[in-house]
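Trainee:
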Amino acid sequence: QLDELPLWYRAFDSDEDFLEEYRRECSVIRQGVEGDMHKCLEEGKSIIIEGSHLDLSLYLDILEKAGNTKSEDPSEDKPKSRPYIVVPFLITVDDVERMAFLDNYLRSNNVDRSQLGATFEEQR
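Heads up: the sequence shown begins at 2 in the numbering used here, then just goes up one per residue.
1) Which complete alpha helix (DSSP H) runs does the stretch 16–48 hold, if anything under 4 residues is left out?
2) If you run the structure through DSSP and keep just helix, strand and coil, what is Ala-12?
3) Just to confirm, is the Cβ distance from Glu-29 to Ile-50 under 7 Å?
4) Mind checking His-54: buried by the 16 CB within 10 Å criterion, or exposed?
5) Please confirm whether Leu-3 and Glu-26 have their CB atoms less than 7 Å apart.
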């Protein structure tokens, strides 16, 4: 389960603790996305999955299975490959835009700033 307060606003004792929680949350998101991915890969349909909690390494097993399936023809003993394309990309913003976005998020979601980690307030 995901914490109500986004990961980016919580205080962590170390970078390792932050990364551990990030990976845990990525795994939670994967569980929700997995069924949609299987369906799209089986049916040959397109899907766009976006978000900050997408760790592509967690999806390699699904993609490997989709690209290496047995043929339904019993006379063929080689795996039949299904074509698919994965296009990862990253969008970044400069520090000023990022802080404006975060401030706007906090105001519009009535986040109690006392819940925020010291690191967040130091960045301001």
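Think of the CB as a built atom: it goes at the ideal place given N, C-alpha and C, for glycine as much as any other residue. Here the structure is a predicted model, which means the values were calculated and not measured.
Mentor: Reading off the structure:
1) Segments of the alpha helix (DSSP H) lying fully in the stretch 16–48: 16–44.
2) coil
3) The residue asked about is misnamed: residue 29 is Val in this sequence, not Glu. Contact flag unset, no.
4) buried
5) yes
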